[in-house]
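Down below is the structure, laid out as structure tokens.
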Amino acid sequence: MSNAPDRFEAVVLPDGVKKIEFVVDEQYPTWAQFKIEREDHTLGNLLRMQLLRDDNVNFVGYRIPHPLEHHFILRVQSKELEEGKLGPVESFVQAIEDLQSDFALLEERMKKQFEIHASMNVPYHRR
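Numbering follows my numbering, with no gaps: position 93 of the sequence shown is 93.
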């Protein structure tokens, strides 16, 4: 199709565009909104589920404003800010760090299983 958007626009970050932008409402410091560029439901749902595991998070949701826009907006509400409790931005950063460690563990386990499979000298068969 001649009017179809270029596929690379969905994944390549243009010059001058920030990957993540966030806004914290000074009137409501327990709320934060993050705009994450060039990502879709895959990352949006991963972040949402990881944030919901945090006991300090009251609400988290995301939306993709339009199918032809290549970003999503994530809203996080933390519990009331008290000494020793994380705010919404800190909870967001912690969720990213937790996901990174989960993926590192998954990679390690997959490599170990591949090594075990390779040591058994069993050929790989496609079905």
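Every residue, glycine too, gets a C-beta built ideally from N, C-alpha and C.
Item: Closest residue to residue 62 among 109, 51, 115 (Cα-Cα distance); Value: 51
Item: CB of residue 32 within 8 Å of CB of residue 123, strictly; Value: no
Item: Cα-Cα separation, residue 29 to residue 5; Value: 38 Å
Item: Buried versus exposed, by CB contacts within 10 Å (16 or more), residue 53; Value: exposed
Item: The stretch 37-44 contacting the stretch 56-75, beta-carbon criterion three pairs below 8 Å; Value: yes
Item: Among 8, 34, 83, nearest to residue 18 - alpha-carbon criterion; Value: 34
Item: Residues bridged to residue 35 (per DSSP); Value: 21, 73
Item: Between the CA atoms of residue 116 and residue 23 - distance to the nearest angstrom; Value: 47 Å
Item: Selection from 118, 36, 104 that minimises the alpha carbon distance to residue 20; Value: 36
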